[in-house]
Structure formats: structure tokens, C-alpha cells
Amino acid sequence: MFNRFKLALALLGLSSFSYAAGPVYTGLFSNVAIRGYDPVAYFELGEAREGSSEYSTEWNGADWHFINAEHRDRFVADPEAYAPQYGGFCAYAMADGRTARIDPEAYDIVDGRLYLNYNQRIQTRWQADRPGYIEQADRHWTELRQD
């Protein structure tokens, strides 16, 4: 019985299952958005940078980490400008009406908006038709938020 439980936990950890769509994706055992990465850094530095709990704020039910106080303050002044689309769930999965975790290093900025994806391979697929996937994902995100 215990071995089945361990197997189930292992499979759960390896799977790309969907999470219930809350306002901001934080994973199962955390309350930190974007797995601790600084959302402002994507825009200001053009790269994914892991933030610090030393520079953090709470917004939309999640804790957001930043690399410095300046980035935190920019986010606090206009969180919608920096927060990822679809609550930080995978943009490619959202285009299919699903939610999935993300890799903070698999990102794109399109028309001033941050989009995150499950991994680099999925991001490559998503990049093949960004406008189409964004249109589909926008529709699904609206539907998920209404449920």
C-alpha cells in the first residue's frame, strides 16, 4: 500500500497535470508567483531573473518576488503592466482551454504583455502562431474566470 502511495506521488510530480485556475498560478505548495522570478525584469532587463523574498509584495492572492526595491515599486505602481497573462499559467495550454505550470525561462513579450510557457519545447510550438494562440487563450481565460 505504501509503495502505491509513493508511486502515485512520483507520477504526480512528473506529470504536467492541470491546476485549478486561481487568479495567479503559484503551484501546489507555494504562494509565490512565477516560481519566484521578477516580473519586471522580463521587461526592464530583457531576461528572466530570479527575485528575492527580501523584495516582495502581495498582489492578487500571490507573493511576487523582485531583484531589487525599484522593481518591486514599479510593480506595485502598475501590477497589470508587469504581471504575466492568464494568471501566469502556460499560454500554450490556455490556448487549448487547459491550465499548466510554467518554466519562468520559457517566456515571450508580445505587444507589451508577458506570456509564459510550460518549457522551451512548448514555447517553440507557441511561437509558431502567437497571434492565433493568444486569441484562443484570451477566450479560454475569460471562460475560466467566469466559472
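Using UniProt numbering, you'd call the opening residue of the sequence shown number 1 and step up by one each time. Ideal Cβ positions, reconstructed from N, Cα and C, are used throughout, including at glycine. Quantities reported herein were computed from a predicted structural model and do not represent experimental measurements.
Do residue 39 and residue 92 count as a contact pair if the criterion is CB distance below 8 Å?
Residue numbering aside, residue 92 sits at position 92 when the sequence shown is read from its first letter. Residue numbering aside, residue 39 sits at position 39 when the sequence shown is read from its first letter. The answer is no: Cβ separation not under 8 Å.
Is the beta carbon of residue 167 sitting closer than 8 Å to the one on residue 118?
Since the first residue shown for the chain is 1 and the last is 147, residue 167 is missing from the structure and cannot be characterised.
Alpha carbons only, please: which of 71, 61, 131 is nearest the one belonging to residue 49?
The residue you call residue 49 lines up with position 49 of the sequence shown. Among 71, 61, 131, the Cα nearest to that of residue 49 is on 71.
Within the continuous alpha helix (DSSP H) that includes residue 212, where are the two ends?
Since the first and last residues shown for the chain are 1 and 147, residue 212 lies out of range.
Please report the Cβ distance between residue 46 and residue 36, rounded to the nearest whole angstrom; I am assuming they are in contact, meaning their Cβ atoms lie under 8 Å.
One-based indexing of the sequence shown puts residue 46 at position 46. One-based indexing of the sequence shown puts residue 36 at position 36. Not a contact, Cβ separation roughly 19 Å.
CB residue 150 to CB residue 84, shorter than 8 Å?
Shown here, the chain extends from 1 to 147; a query on residue 150 therefore has no answer.
Could you tell me the alpha carbon to alpha carbon distance between residue 61 and residue 26, rounded to whole angstroms?
Walking along the sequence shown from the start, residue 61 turns up at place 61. Walking along the sequence shown from the start, residue 26 turns up at place 26. In a straight line, the C-alpha of residue 61 is about 9 Å away from that of residue 26.
Under the three-state reduction of DSSP, which class applies to residue 75: helix, strand or coil?
Indexing the sequence shown from 1 puts residue 75 at position 75. Three-state result, residue 75: helix.
Answer yes or no: do residue 29 and residue 109 have a C-beta to C-beta separation smaller than 8 Å?
If you number the sequence shown from 1, residue 29 lands on position 29. If you number the sequence shown from 1, residue 109 lands on position 109. Cβ atoms of residue 29 and residue 109: not closer than 8 Å.
From the DSSP output, in three-state form, read off residue 121 for me.
In the sequence shown, residue 121 corresponds to position 121, counting from 1. Reduced to three states, the DSSP call for residue 121 is helix.
Just verifying my parser: in three-state terms, what is the DSSP assignment at residue 21?
For the purposes of this step, residue 21 is identified with residue 21 of the sequence shown, where counting begins at 1. In this predicted model, residue 21 has a pLDDT of only 49, less than 50, meaning its place in the structure is not dependable; the value taken from the coordinates is given anyway. Coil at residue 21, not helix or strand.
By DSSP, does residue 96 sit in helix, in strand, or in coil?
Here residue 96 corresponds to residue number 96 of the sequence shown, with the count starting at 1. Of the three classes helix, strand and coil, the one that applies to residue 96 here is coil, per DSSP.
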